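Just so you know, the working numbering puts 156 at position 146 of the sequence shown, and the rest follows in order with no gaps.
The C-beta atom is built at its ideal place from N, Cα and C for all residues, glycine as well.
Treat the numbers as computed from the prediction; the structure is a model and nothing was measured.
One structure is given here, and the rest of the page talks about it.
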Amino acid sequence: MKAIAPGKLILSGEHSVVYGAPAIAMAVTSSVTASYTPNTSLNLSVYSDAFGCFSKNIATFKLFSEQLDQRFNLFLQGKLAVADVLSSPSDLLFYTLSQLGFDRVGQILIASDIPAGAGMGSSAAVIAALLKLAEAASQQALTKREFFKLVRHCERLQHGRGSAIDAAATTFGGVVKVQNDHVTLLPEKIGDNWFIWNSGSPKSSTGETVSAVRESFEFSTIWQHFEQVTQDFERIIYSSDDQQKLDLIQENQRLLQQIGIVPHAVADVIKRIESMGGSAKVCGAGSSSGDTGGLVLVYAPKGNATEIASRLNIHLQPLKISYQGAYVESD
């Protein structure tokens, strides 16, 4: 039995979505695959290149899940840091499987081609793939909305009060607009000439970057400007007006620089892309320190992406949408 869940890219609204503004994201073809194989042991083992190998007796799942819920409640009460809710990466994996009563012994292999630390929602994709395995094993049939809420429920253990954008993209696929916990499915055809540049894994973690932004901008009016950009972006993304798209992406990038999540080295490359008739912006959490900022969204409507990549010595990968959310692959 095998389940697949896509990663995501934020097109507009990163960081501001945490403060109640809308964000637009798309599911991408980079994905997580979780494969289950039964055996005759008494345990369920989970193998992952990213997390390592862990094993747990399935009889302990229910009590273990209740204990993690109690630890999360301590976080909500301000008695425990969110980073201390999970004692090991395996905690989240087994907790996720327990939510739909997964009770099979054997092994689960988790494989991913989502770049680590790139802001592509890899954690939500892992959760979604495991939930799909558990859903199939229990012969339950959740609606998309129910599944989305369950991904969010599991995700909270790792991110605390994070946004719903990752869960929405990996659940529904395609292009989604998220504001608080409300999800709107948008048309999937955003046109051509969209690319991704991986500037390198951010030096600061997503949590560290979000905390740094909150410290300086939690009560700032800048989020109103972010919200307006996202609303305008939703309106023009499906149009043929390339100049408006270029202008809005540039404006979004300037706002991201203002909140301090675009390293200078990344900002310099983006300026050079602009000088060649394109636009680019960080499309994840970015980084509050170092010289790398994760993934950058690049729009090159002049058809000169190859020239841009060559002159700037960067690799531009075409943006590829996943039209399907998390699913179980038929045997």
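Quick one: Cα of residue i to Cα of residue j, how far?
i    : j    : result
F158 : R321 : 42 Å
T194 : H235 : 21 Å
I200 : Y248 : 5 Å
S26  : W233 : 6 Å
K213 : A128 : 11 Å
Q189 : I175 : 8 Å
S97  : F82  : 12 Å
G304 : L52  : 41 Å
G62  : L103 : 12 Å
D242 : K312 : 22 Å
K66  : D113 : 11 Å
L265 : Q87  : 33 Å
D191 : P197 : 19 Å
F85  : R166 : 11 Å
I280 : M286 : 10 Å
D251 : S211 : 33 Å
F115 : E244 : For the sequence presented, residue 115 should be read as Val rather than Phe. Near 46 Å, if we compare the C-alpha coordinates of E244 and V115.
L160 : T50  : 30 Å
L119 : S132 : 15 Å
I20  : E237 : 14 Å
E261 : Q267 : 10 Å
Just confirm the distance between the C-beta atoms of residue i and residue j, as a whole number of angstroms; I'd bet it's less than 8 Å.
i    : j    : result
A44  : L140 : 5 Å
P273 : G300 : 6 Å
A33  : G17  : That pair is no contact at about 15 Å.
V306 : V338 : At roughly 33 Å, the Cβ-Cβ gap does not stay under 8 Å, so V306 and V338 are not in contact.
A146 : M11  : 6 Å
T180 : A138 : 4 Å
G170 : V92  : 4 Å
Using only CA atoms, which one of the options lies nearest to residue i?
i    : options                   : result
W204 : S289, K89 and G335        : S289
D59  : I68, K213, G217 and S100  : S100
I183 : T39, V28 and I137         : Sequence check: residue 183 is Gly here, not Ile. Checked all of T39, V28 and I137; the closest Cα to G183 is T39.
R282 : A315, L167, S215 and G62  : A315
K330 : T219, I124, E284 and Q268 : I124
K187 : E339, M11, M36 and V28    : M36
A13  : V136, I271 and V223       : V136
D94  : E218, I324, Q168 and S108 : Q168
V308 : I269, K255, Q268 and A336 : K255
A121 : V56, S65 and S285         : V56
E284 : S148, A319, S297 and Q268 : A319
K72  : F227, Q334, A336 and T106 : T106
I259 : I246, A222, S75 and Q80   : I246
S297 : S221, G287 and E228       : S221
E156 : A178, S209 and H325       : A178
I324 : T302, T70 and F229        : T302
N208 : M130, F229 and H163       : M130
A310 : S211, Q268 and D257       : D257
G335 : F229, V185, L119 and L21  : V185
T70  : N49, G111 and T50         : G111
E228 : I269, E261, Q238 and E237 : I269
Is residue i near the ligand NAD, in the sense that its beta carbon is under 7 Å from a heavy atom of that ligand?
i    : result
N262 : Ligands are entirely absent from the displayed structure, and the ligand NAD is therefore not among its contents.
Short check: CB of residue i to CB of residue j, under 8 Å?
i    : j    : result
I206 : Q77  : no
Q263 : K291 : yes
T47  : Q149 : no
A15  : K154 : no
T216 : I271 : no
S41  : S332 : yes
V28  : S226 : no
T240 : A31  : yes
Q80  : C164 : no
L90  : I68  : no
Report the start-end ranges of each beta strand (DSSP E) in the stretch 78 to 138 that is 3 residues or longer and not cut off at the edges.
Counting whole runs of 3 or more residues, the stretch 78 to 138 contains the beta strand (DSSP E) stretches 116 to 122.
Taking the runs of the alpha helix (DSSP H) that are 4 residues or longer, which of them lie wholly in the stretch 137 to 209?
For the stretch 137 to 209, whole alpha helix (DSSP H) runs of length 4 or above, ordered along the chain, are 154 to 169 and 175 to 182.
Only counting runs of 4 or more residues, tell me where the alpha helix (DSSP H) segments fall wholly within the stretch 252 to 326, in order along the chain.
The stretch 252 to 326 contains, as complete alpha helix (DSSP H) runs of 4+ residues, the segments 252 to 268, 274 to 285 and 315 to 322 (chain order).
Quick check on the DSSP output: what are the complete beta strand (DSSP E) runs of length 3 or more inside the stretch 17 to 64, in order along the chain?
If only complete runs of 3 or more residues are kept, the stretch 17 to 64 shows the beta strand (DSSP E) at 33 to 47 and 53 to 58, in order along the chain.
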